[in-house]
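723 is the number that the numbering used here gives to position 151 of the sequence shown; each next residue is one higher, with no gaps. What follows is a short report on a single structure.
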Amino acid sequence: MTTNYTAFDGTARVATGALSLVAERCKALLDDQPHASPIIYDDSTGRPVDVDYRGTTHDVLGRLPTTDTAPAPAKRGPGRPKLGVVAREVTLLPRHWEWLATQPGGASVALRRLVELASRERADSDRVREASEAVDRVMLALAGNLSGYEEASRAFHRREGDRFATLTEAWPADVRAYVRTLAGAVLSA
Numbered sequence: 573m574t575t576n577y578t579a580f581d582g583t584a585r586v587a588t589g590a591l592s593l594v595a596e597r598c599k600a601l602l603d604d605q606p607h608a609s610p611i612i613y614d615d616s617t618g619r620p621v622d623v624d625y626r627g628t629t630h631d632v633l634g635r636l637p638t639t640d641t642a643p644a645p646a647k648r649g650p651g652r653p654k655l656g657v658v659a660r661e662v663t664l665l666p667r668h669w670e671w672l673a674t675q676p677g678g679a680s681v682a683l684r685r686l687v688e689l690a691s692r693e694r695a696d697s698d699r700v701r702e703a704s705e706a707v708d709r710v711m712l713a714l715a716g717n718l719s720g721y722e723e724a725s726r727a728f729h730r731r732e733g734d735r736f737a738t739l740t741e742a743w744p745a746d747v748r749a750y751v752r753t754l755a756g757a758v759l760s761a
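Structure representation (structure tokens):
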């Protein structure tokens, strides 16, 4: 899945797209307007991305954070690392341990099965929660000082789409469009 990023300078959208494209546009803006202060947001999390704009555009792009970096190899310890199994401590009540002891395959197999089942069952609600948190972060950062922010936030969390649209109508066009786009995934869920 490709992650999109969106940059704002105040309430004006600078660019949307791949991180390299957005960072390049922000660098061009800063070269043209040294007092600009663009902020790049990860559309999937709503978190700002830290970009070092010093040097040339090539320098900036070379320092961009990458999500494709492989984690450092972990030191070998208990578990079955070749299979990706990691040993950790779990604290349960005695009745839970008793139940686990009666399960076919033992406690580890039963716990893995329960975790897989729970993660599948909650996948949709987890996606909606994560999208909602992204909207919260972006809305606070870009619209926290705008008229109607608190009421719009309440309407969003109550999933009152029409009221949310009405309350965000007076916001600057770029902020309004971006927040509504991010909120759409949650409000339609």
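Built from N, CA and C at the ideal position, the CB exists for glycine as well.
Buried versus exposed call for residue i [16 or more other C-beta atoms within 10 Å across all chains shown]
i, result
"D614", "buried"
"W743", "buried"
"S719", "exposed"
"T740", "buried"
"T578", "buried"
"V681", "exposed"
"A587", "buried"
"L689", "exposed"
"L601", "buried"
Coil, strand or helix - residue i by DSSP
i, result
"A682", "helix"
"Y625", "coil"
"T641", "The predicted position of T641 is uncertain, since its pLDDT is 45 and thus under 50; a value taken from the coordinates is nonetheless stated next. Note: T641 maps to coil in three-state DSSP."
"T663", "coil"
"D581", "strand"
"D615", "coil"
"A715", "helix"
"A590", "coil"
Which listed residue (the options) has its alpha carbon closest to that of residue i
i, options, result
"H729", "G720, A742, V747, L759", "L759"
"A727", "L602, A755, G589, H630", "A755"
"R748", "Y577, R585, H668", "R585"
"I612", "Y625, R626, V594", "V594"
"A706", "S592, R685, S616, A600", "S616"
"T638", "V621, A600, G627, Y625", "V621"
"T575", "A590, Y625, R626", "A590"
Short Cβ contact (8 Å threshold) for residue i with residue j
i, j, result
"V623", "L636", "yes"
"G618", "V710", "yes"
"C598", "P610", "yes"
"Y721", "A713", "no"
"F580", "D746", "yes"
"A703", "A757", "yes"
"A761", "V700", "yes"
"E661", "T629", "no"
"L633", "S697", "no"
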